[in-house]
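Residue numbers (this note's numbering): 4 to 215.
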Amino acid sequence: NLILTLFTGISADNPVADTAEANPMWAIVLFMVILAPILEELFFRKLVIDRLHRYGDIPAILVSGVLFGLIHGNFSQFFYAALLGMVFGMIYCRTGRLRYTIFLHMFINFFGSVYVLLMQERLGPLEDLLVITPEYIAEHLSGFLMMFGLYGMYGIAFIACIPSAIWLIRSYRPQKGSVRLSAPDRRQAILCNPALWLLAAVLLLNFALFLS
Numbered sequence: 004n005l006i007l008t009l010f011t012g013i014s015a016d017n018p019v020a021d022t023a024e025a026n027p028m029w030a031i032v033l034f035m036v037i038l039a040p041i042l043e044e045l046f047f048r049k050l051v052i053d054r055l056h057r058y059g060d061i062p063a064i065l066v067s068g069v070l071f072g073l074i075h076g077n078f079s080q081f082f083y084a085a086l087l088g089m090v091f092g093m094i095y096c097r098t099g100r101l102r103y104t105i106f107l108h109m110f111i112n113f114f115g116s117v118y119v120l121l122m123q124e125r126l127g128p129l130e131d132l133l134v135i136t137p138e139y140i141a142e143h144l145s146g147f148l149m150m151f152g153l154y155g156m157y158g159i160a161f162i163a164c165i166p167s168a169i170w171l172i173r174s175y176r177p178q179k180g181s182v183r184l185s186a187p188d189r190r191q192a193i194l195c196n197p198a199l200w201l202l203a204a205v206l207l208l209n210f211a212l213f214l215s
């Protein structure tokens, strides 16, 4: 968001935070923590990967991940959502179990929505955090403990992701597809696919609305 703002002058807000702050907690839990992970994993992992699996694991994982990032329709989520989508796709292809990716998806959405909102409530108004005094920390101690816990978890996840990624990549043997397409056939399948062009138009419009 910062890079986008520096180069374009457009203030890019995080639509997830805006949506979460504008809705009651029960709706956030139901739609963002429970239903969204289930439905998105059923579509992007189960449906998309199963349909593309005949071309091999790698194309299925890449397409599923990129579509998962694009469907969010904003730069705040695209890059990490696409990366997470590829990781989820690799887990699904290796295990064949959708429940693992659903659980991880729920876990991430919970900390990105419910936990952060509860933390912000306990920290108080953001403008008050510009000048922090010992008295303010003592009065909002639970919020600061939640914030340190969140950053601690992010730090552990960041440190652990490197060896985990190395282990996953080295131990994973992607399956080759049963269908082999020549280069001209691949170009024709991509460029002459009306559904792909329609999806691209919708996603570009979504990004344009985000930037407007």
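From the three backbone atoms N, C-alpha and C, an ideal C-beta is built for every residue, glycine too. Since we're looking at a predicted model, the values are computed, not measured.
Secondary structure within the region 132 to 200: the alpha helix (DSSP H) runs of 4 or more consecutive residues, fully enclosed, are 137 to 142, 144 to 174 and 186 to 194 (chain order). DSSP links G59 through a beta bridge to K179. The beta carbon of R102 sits closer than 6 Å to none of the beta carbons in its chain outside the five residues before and after it. The three-state reading of DSSP puts P27 in coil, since its state is none of H, G, I, E or B.
By the Cβ neighbour-count rule, M28 is exposed, with fewer than 16 other Cβ atoms within 10 Å of its own.
For L33, no alpha helix (DSSP H) segment is defined, and its DSSP state is neither H nor E. Below 8 Å, enough C-beta pairs join the region 50 to 62 and the region 175 to 190 to call them touching: three or more. Secondary structure of I52 (DSSP, three-state): helix. If only uninterrupted alpha helix (DSSP H) runs of at least 4 residues are considered, those enclosed by the region 67 to 111 are 78 to 98. Look at G115 here: in three-state DSSP terms it is helix. F113 and L212 have their alpha carbons spaced roughly 27 Å apart.
Under the DSSP assignment, L42 falls in the alpha helix (DSSP H) whose first and last residues are A39 to E43. Rounded to whole angstroms, the gap between the alpha carbons of Y83 and P166 is 18 Å. Taking a cut-off of 8 Å for Cβ pairs, the region 134 to 142 and the region 45 to 57 do not touch, as fewer than three such pairs fall below it. Only buried fits F71, as 16 or more other CB atoms lie within 10 angstroms of its CB. Y175 has its alpha-carbon roughly 7 Å from the corresponding atom of R97.
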